[in-house]
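Participant:
Numbering (the numbering used here), first residue to last: 166 to 425.
1) If you drop the 5 nearest sequence neighbours on each side, which residues of the same chain put their C-beta closer than 8 Å to that of residue 369?
2) Could you compute how far the alpha carbon of residue 242 sits from the alpha carbon of residue 338?
3) Less than 7 Å separating the beta-carbons of residue 392 and residue 254?
4) Starting from the C-beta of residue 109, find all residues in its chain whose C-beta is less than 7 Å away, skip the five residues before and the five after it, and write them out in chain order.
5) Taking the alpha carbon of residue 290 as the point to measure from, which residue in 349, 342 and 225 has its own alpha carbon closest?
6) What's the gap between the Cα of residue 220 and the Cα of residue 209?
7) Less than 7 Å between the beta carbons of residue 364 and residue 171, yes or no?
8) Report the residue ranges of all alpha helix (DSSP H) runs contained in full by the stretch 185-247; include only those spanning at least 4 residues, in chain order.
9) Which residues does DSSP list as the beta-bridge partners of residue 367?
10) Rank 420, 335 and 387 by C-alpha distance to the C-alpha of residue 400 and give the top, closest one.
11) Look at the alpha carbon of residue 349 and the alpha carbon of residue 267, and state the distance between them as a whole number of angstroms.
12) Please report the straight-line C-alpha distance between residue 260 and residue 276, rounded to a whole angstrom.
13) Starting from the Cα of residue 371, find the closest Cα among 205, 407 and 354 and give me that residue.
14) For residue 301, name the three-state secondary structure that DSSP assigns.
15) Run the CB neighbour count on residue 230, radius 10 Å, all protein chains shown included, and call it buried at 16 or more, exposed below.
16) Is residue 321 helix, strand or coil when you go by DSSP?
17) Quick check: the Cα distance between residue 389 and residue 218, rounded to an integer number of angstroms?
18) Please give me, in chain order, every unbroken run of the beta strand (DSSP E) with length at least 3 that falls completely inside the stretch 346-398.
19) State the Cα-Cα distance for the pair residue 380 and residue 269, rounded to the nearest angstrom.
20) What is the residue span of the alpha helix (DSSP H) that residue 280 lies within?
21) Between residue 320 and residue 169, how many whole angstroms is the CB-CB distance? I'm expecting something under 8 Å.
22) Sort 283, 362, 249 and 292 by Cα distance to residue 332 and report the nearest one.
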C-alpha cells in the first residue's frame with residue numbers, strides 16, 4: 166500500500182484567544198500563555214462576499230475563518246475535506262424549536278444551513294471552486310478520519326487537498342447531551358509534493374497524545390477539532406516526532422518531520 170503522506174503548505178487556526186496561526190504558533194511554542202477566559206471575537210471571513218456572509222451561522226464562519234488562512238490566497242481548484250463531530254447544533258436546535266410551534270415555521274435559511282456540508286458549500290461558492298469535497302463526521306475521531314480521507318486523496322493522485330476540522334459548543338438546550346468547552350477550527354493545506362513540513366500517518370494502538378499545559382489540555386480534550394493541538398504544538402516548535410489522534414478504534418499515528 167502506498168504510504169499516506171503529505172507536505173503541509175498552509176495552516177489555519179481559529180479559537181478563543183487564537184484568532185490565527187501566527188498567534189497560535191507563538192503560544193504553542195511557549196512564547197505566550199492561553200487565557201481560558203478568552204472570547205472568540207467577531208468572525209467575518211473575507212473569502213465570503215458580504216451578502217453570503219449574512220446568511221451564514223457562527224459554525225460556518227468559524228470553519229471558513231480557518232480555511233482561508235490555510236489557503237493563503239491560493240486561487241486554483243482544491244479538493245477538500247470538512248470534518249465536524251456534530252455539525253451545526255445551533256441550527257438543529259432552532260429547527261427543533263420551530264417544530265413545536267404552530268405551523269412549524271422552519272426558516273428556509275435555517276433549513277438551507279442544516280445540511281452537514283453547508284460550510285463546504287459556502288467555501289465552494291466563495292472560491293468559485295467546483296473541485297470535489299467530502300463532509301464527514303466521526304464523533305471524537307472526526308479530525309483523524311478527516312486527515313485519513315485527505316491523505317488517501319493525495320495517495321490516489323490529487324496534487325493538493327484542504328482539510329478543515331471544526332466544532333462549536335451547542336446551545337444550552339443541547340449542551341447536556343454534547344458538552345464542548347469552546348469553539349475550535351483548524352485547517353491544513355496538504356500537498357503531495359513541494360515545500361513545507363512533511364507528515365505521514367498509519368493506524369496505531371497507542372493512547373492519544375495530550376498536552377502538558379493544563380488549560381490547553383482542557384481545550385484539546387474539550388473539542389474534537391482541538392485534538393489536533395499536539396500536532397500544531399510540534400509544528401510551532403519545529404519538532405520532529407509522532408502524535409496520536411483518536412480513531413474509532415485505536416489511534417492514528419501522525420509522524421511529523423519539519424522542513425529541512
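Positions of the beta carbon are idealized from the N, C-alpha and C atoms, including for glycine.
Facilitator: Let me spell this out:
1) 409, 415, 416, 417 and 418
2) 40 Å
3) no
4) A question about residue 109 goes unanswered here, because the residues of the chain that appear run from 166 up to 425.
5) Closest by alpha carbon: 225.
6) The straight-line gap from Cα to Cα measures roughly 12 Å.
7) yes
8) 186-193, 215-218 and 223-236
9) 418
10) 420
11) 36 Å
12) Going by the C-alpha atoms only, they are around 7 Å apart.
13) 407
14) strand
15) buried
16) coil
17) 25 Å
18) At a cut-off of 3 residues, the continuous stretches assigned as beta strand (DSSP E) that sit fully inside the stretch 346-398 are 349-356 and 363-369.
19) About 42 Å.
20) First-last for residue 280: undefined, no H or E at that position.
21) In this structure residue 320 touches residue 169 by the C-beta definition: roughly 6 Å separates them, less than 8 Å.
22) 249
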